[in-house]
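**Q** In this note's numbering, each residue carries its 1-based index in the sequence shown increased by 7. We treat Cβ as the ideally placed atom computed from N, Cα and C, and that holds for glycine.
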Amino acid sequence: MTHDAPTSTPPGGRRTEAGSVERQGEISLSWRGRAAIGVFAVNAVLLFFPPIPPDVRGSLWSYLASTAAVILGALEIRALTPALVARWARVREERRWIASLAIAVGLLGFAFVLRAAAPDLFDRYSREEGVWEPITLFCYLGSLLLLWRTGSGLSGAPRKHLRLVAGAYALLVLEEVDYSGIFGGLIGPIEGVDVGGALHELLIVYLFYRALAVLQPWLVAVVLAVAAWGLWWTGYLQPRVWFQTIASSRIVWVVLGLGFLFAAAAEESGLLGIRFGRPSPEEAIELAGAVCFAVFALQTAAHAMTRAQVRDEPLA
Numbered sequence: 008m009t010h011d012a013p014t015s016t017p018p019g020g021r022r023t024e025a026g027s028v029e030r031q032g033e034i035s036l037s038w039r040g041r042a043a044i045g046v047f048a049v050n051a052v053l054l055f056f057p058p059i060p061p062d063v064r065g066s067l068w069s070y071l072a073s074t075a076a077v078i079l080g081a082l083e084i085r086a087l088t089p090a091l092v093a094r095w096a097r098v099r100e101e102r103r104w105i106a107s108l109a110i111a112v113g114l115l116g117f118a119f120v121l122r123a124a125a126p127d128l129f130d131r132y133s134r135e136e137g138v139w140e141p142i143t144l145f146c147y148l149g150s151l152l153l154l155w156r157t158g159s160g161l162s163g164a165p166r167k168h169l170r171l172v173a174g175a176y177a178l179l180v181l182e183e184v185d186y187s188g189i190f191g192g193l194i195g196p197i198e199g200v201d202v203g204g205a206l207h208e209l210l211i212v213y214l215f216y217r218a219l220a221v222l223q224p225w226l227v228a229v230v231l232a233v234a235a236w237g238l239w240w241t242g243y244l245q246p247r248v249w250f251q252t253i254a255s256s257r258i259v260w261v262v263l264g265l266g267f268l269f270a271a272a273a274e275e276s277g278l279l280g281i282r283f284g285r286p287s288p289e290e291a292i293e294l295a296g297a298v299c300f301a302v303f304a305l306q307t308a309a310h311a312m313t314r315a316q317v318r319d320e321p322l323a
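1) Suppose you measure from the CA of residue 298 to the CA of residue 240; what does that come to, to the nearest Å?
2) With distances taken between CB atoms, is the gap from residue 114 to residue 263 smaller than 8 angstroms?
3) Measure from the alpha carbon of residue 247 to the alpha carbon of each residue in 36, 168 and 309, then state which is nearest.
4) By Cβ distance below 7 angstroms, which residues in the same chain neighbour residue 4 in space, the five residues on each side in sequence not counted?
5) Hey, residue 47 and residue 150: beta-carbon distance below 8 angstroms or not?
6) Identify, in the order they occur along the chain, each residue of the same chain with its Cβ nearer than 6 angstroms to the Cβ of residue 161, setting aside the five sequence neighbours on each side.
7) If you follow the alpha helix (DSSP H) that residue 175 is in, where does it begin and where does it stop?
8) Name the two residues that bound the continuous alpha helix (DSSP H) containing residue 99.
9) Here's a check: name, in chain order, each residue in its chain whose Cβ is nearer than 7 angstroms to the Cβ of residue 255, leaving out the five neighbours to either side.
10) Which first and last residues belong to the alpha helix (DSSP H) in which residue 245 is found?
11) Do you know how far the Cα of residue 231 is from the Cα of residue 138?
12) In the structure shown, what three-state DSSP assignment does residue 56 receive?
13) Where does residue 137 fall in DSSP's three states?
14) Count the other CB atoms, across all protein chains shown, that sit within 10 Å of the CB of residue 72; report buried if there are 16 or more and exposed otherwise.
15) Looking at C-beta atoms only, is the number of pairs between the segment 104-111 and the segment 163-178 that lie closer than 8 angstroms three or more?
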């Protein structure tokens, strides 16, 4: 439950570094959280009305507005991390499943209903500066900061494990950045191949058209193996912890998230004959996957915090 923060800290309450007040499990948004909601709502409204001039709607200004909302919202998640993780840890497992699946499926269902009822509006919401992609980016960036903040409150191996998981979310964040939109003409075709707006497209083009012309595949494999060894040697890559994660129920959210992402990629490429036509629901399907990954981040953070409390380890 969220409500506006009072002007002063109530008795028994605790003011966080973001100015949010936590009392009896309640979480209050600071100015950052309210600003994120407001800016994102304004951007969605501008996309809703076609009469809005193109230089305001679906432009650089709209892209900056949606990005600002994502950053402000993710910073709010970071500030509220201790309260969010503590509350999530107290929720019964079956309620976590019901609530999380309801959000993921509900968002996807709403998107498909909107696509059928108002395809033009759905298409505008599917733009880079629209609705689905900014929420997807928020899920990844918010998860990254949540995991990093939780890890900062731990020590030793748990801290390193959470920071390695946060690094994986950093890759997901970079995957959602529109490089061609940001840099425009600075990134042109490479070897006659147009570079898209995603991290994997940049890497694929570079590896196959640049690096592999100089580096042999075995050398690339050696570099990756050395990197993995370095992570293990420094304590960030912990095989035992990863095996435990794979054997736990938490991994289901990763499987679901990857399933949604695969379905989105298959729809975009026509793989396996999956085609929904235009406007493409790819971004909306990816959003459902991002929600699943956000749930995994919450589950992982809550699990680490609970184990630390059981072991009576210091928490920040």
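**A** Answer, in terms of the structure:
1) Here residue 298 is taken as the residue at index 291 of the sequence shown, counted from 1. Here residue 240 is taken as the residue at index 233 of the sequence shown, counted from 1. Going from the Cα of residue 298 to the Cα of residue 240 covers about 32 angstroms.
2) The residue labelled residue 114 in the question sits at position 107 within the sequence shown. The residue labelled residue 263 in the question sits at position 256 within the sequence shown. Going by C-beta atoms, residue 114 is not nearer than 8 angstroms to residue 263.
3) As a first step, residue 247 is located in the sequence shown; it is residue number 240 there, counting from the start. Of the candidates 36, 168 and 309, the one whose C-alpha sits nearest the C-alpha of residue 247 is 168.
4) Absent from the structure is residue 4, since the part of the chain shown begins at 8 and ends at 323.
5) Along the sequence shown, one-based indexing puts residue 47 at 40. Along the sequence shown, one-based indexing puts residue 150 at 143. Against a cut-off of 8 angstroms, the Cβ pair of residue 150 and residue 47 comes out as no contact.
6) Within the sequence shown, the letter at position 154 stands for residue 161. Only 315 meet the Cβ criterion.
7) Position 168 of the sequence shown, counting from 1, holds the residue named residue 175. Element bounds for residue 175: 163-183.
8) Here residue 99 is taken as the residue at index 92 of the sequence shown, counted from 1. Per DSSP, residue 99 belongs to no alpha helix (DSSP H) and is neither H nor E.
9) Here residue 255 refers to the residue found at position 248 of the sequence shown. Excluding positions up to five away in sequence, the list is empty.
10) Residue mapping note: residue 245 aligns to position 238 of the sequence shown, counting from 1. Unbroken run through residue 245: none, as it is neither H nor E.
11) Here the question's residue 138 lines up with position 131 in the sequence shown. Here the question's residue 231 lines up with position 224 in the sequence shown. Taking the straight line from one Cα to the other gives about 36 angstroms.
12) The sequence position of residue 56 within the sequence shown is 49, counting from 1. In this structure, residue 56 counts as coil in the three-state DSSP scheme.
13) Within the sequence shown, residue 137 is the residue found at index 130, counting from 1. Coil.
14) Position 65 of the sequence shown, counted from the start, is the residue given in the question as residue 72. Counting Cβ neighbours within 10 Å, residue 72 comes out buried, since at least 16 surround it.
15) no
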